[in-house]
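Residue numbers (the numbering used here): 6 to 334. C-beta atoms are modelled at their ideal positions from N, C-alpha and C, and glycine is treated no differently. Note that the coordinates shown come from a computational prediction; the quantities given were computed from them, not determined experimentally. Structure first, commentary second.
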């Protein structure tokens, strides 16, 4: 793989933590801020540096990892696919389902792989939870809480609109935090038969919210909050025991199984950086053309995208791209 990084945010520096562990032949980076882009390229010895996206698209980089603000995902991914690149899109994959449908169709037409970067699905702890589900008996209640007071929320309350809270830039708690809970749930249980979203709305965006996923024999509650704090906790409750995870789904390395007699069995994983496992699989999907796995993961992304759009419709949250497209709900 020859990988181009699109963006210069903090997630790029996270990726550089695992650079030496990945069999990537060549690295490139694109950013609009020349000073910051050059600084990152020099710091991490990235050979190809671009300040013009069209020049990156003309390069011999075969895969682009797009880590830009949410509202830019679609346009940058579309251009990349049209240029014959494989695309790894940081979560959330797109602003809405219409954009997702276009990208998936384009990837198929171009015979390229499109994948959403969500660490949840690839973590050893998550894969072990999948194996342990049968020990719970019949699943009854699942509660997933990712509440994290945003460092930007005080500025938002003071009147400054930053991308994380900007409907014009596809922000909000659902897109930023609750998306992880949804991927956790759908990766384990598939798509629910219906969903309901209740959100705290400020200036036309959800600063926190609760989504209820209705499955035929059990219920899932997903909480995502950027305006308040609470211990992050995930729990899966069955009639024979429960699994608890005292950390966010996207970074889990520990969970406990507790049976109905109170017997605890801890599962601790000495993991690499959380991004290692997803990129290990992305490289395998792309270099070995493992389309079965990439399509399986894209199916989950599609279901999550549909649910998030349904949730926003229920709360009347309209993004800037939808206003420009005159989307009628």
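Touching or not, the segment 223-241 and the segment 80-97, by the rule of three or more beta carbon pairs under 8 Å?
Contact fails: fewer than three Cβ-Cβ distances are below 8 Å.
Tell me the residue span of the alpha helix (DSSP H) that contains residue 143.
Taking the first residue of the chain shown as position 1, residue 143 is located at position 138. Note, residue 143: premise wrong, no alpha helix (DSSP H); not H, not E.
In this structure, does DSSP put residue 29 in helix, strand or coil?
As a working note, residue 29 is residue 24 in the chain shown. DSSP places residue 29 in coil when its eight states are reduced to three.
Please return the same chain residues whose Cβ sits closer than 6 Å to the Cβ of residue 198, not counting the five positions on each side in sequence.
In the chain shown, counting from the first residue as 1, residue 198 sits at position 193. So the qualifying residues of the chain are 219.
So, at 6 Å on beta carbons, what are the nonlocal neighbours of residue 24 in its own chain, with the 5 sequence-adjacent residues on each side left out?
On the chain shown, position 19 is the one that residue 24 refers to. Contacts found: none.
Please name the residue, chosen from 125, 83, 106 and 322, that lies closest to residue 259 on a Cα-to-Cα basis.
To locate residue 259, count along the chain shown from 1; it is residue 254. Of the candidates 125, 83, 106 and 322, the one whose C-alpha sits nearest the C-alpha of residue 259 is 125.
Could you compute how far the alpha carbon of residue 150 sits from the alpha carbon of residue 131?
The residue given as residue 150 occupies position 145 in the chain shown. The residue given as residue 131 occupies position 126 in the chain shown. Roughly 16 Å separates the two Cα atoms.
Are residue 33 and residue 66 closer than 7 Å when you measure CB to CB?
Indexing the chain shown from 1 puts residue 33 at position 28. Indexing the chain shown from 1 puts residue 66 at position 61. Yes.
Tell me, please, which residues DSSP counts as bridged to residue 262.
Here the question's residue 262 lines up with position 257 in the chain shown. DSSP output for residue 262 lists 248 and 270 as bridge partner(s).
Which first and last residues belong to the alpha helix (DSSP H) in which residue 73 is found?
In the chain shown, residue 73 corresponds to position 68, counting from 1. From DSSP, residue 73 is part of no alpha helix (DSSP H); its letter is neither H nor E.
For residue 163, does the three-state DSSP call read helix, strand or coil?
Residue numbering aside, residue 163 sits at position 158 when the chain shown is read from its first letter. Correct three-state label for residue 163: coil.
Does DSSP classify residue 112 as helix, strand or coil?
Mapped onto the chain shown, residue 112 falls at position 107. Residue 112: helix per DSSP, three-state reduction.
For the segment 38-63, list the beta strand (DSSP E) runs that are entirely contained and at least 3 residues long, ordered along the chain.
Within the segment 38-63, the complete beta strand (DSSP E) runs of at least 3 residues are 53-55.
With a threshold of 8 Å on Cβ separation, who are the neighbours of residue 86 within its own chain once the five nearest residues in sequence on each side are excluded?
Counting from 1 along the chain shown, the entry for residue 86 is found at position 81. Contacts found: 92, 108, 111, 112, 115, 117 and 119.
Could you tell me the distance, in whole angstroms, from the CA atom of residue 145 to the CA atom of residue 244?
Residue numbering aside, residue 145 sits at position 140 when the chain shown is read from its first letter. Residue numbering aside, residue 244 sits at position 239 when the chain shown is read from its first letter. Using only the alpha carbons, I get a separation of about 7 Å.
Check whether the segment 170-177 and the segment 199-216 are in contact - that is, three or more C-beta pairs closer than 8 Å.
Flag = yes, the segment 170-177 and the segment 199-216 touch.
Could you spell out the range, first to last residue, of the alpha helix (DSSP H) harbouring residue 186?
Taking the chain shown and counting its residues from 1, one reaches residue 186 at position 181. From DSSP, the alpha helix (DSSP H) with residue 186 extends over 184-194.
For residue 16, which of helix, strand or coil comes out of DSSP?
The residue you call residue 16 lines up with position 11 of the chain shown. Residue 16: helix per DSSP, three-state reduction.
Pop quiz: residue 290 and residue 303 are said to be a contact at Cβ under 8 Å. What is the actual Cβ separation, rounded to whole angstroms?
Working through the chain shown from its first residue, we reach residue 290 at position 285. Working through the chain shown from its first residue, we reach residue 303 at position 298. At roughly 10 Å, the Cβ-Cβ gap does not stay under 8 Å, so residue 290 and residue 303 are not in contact.
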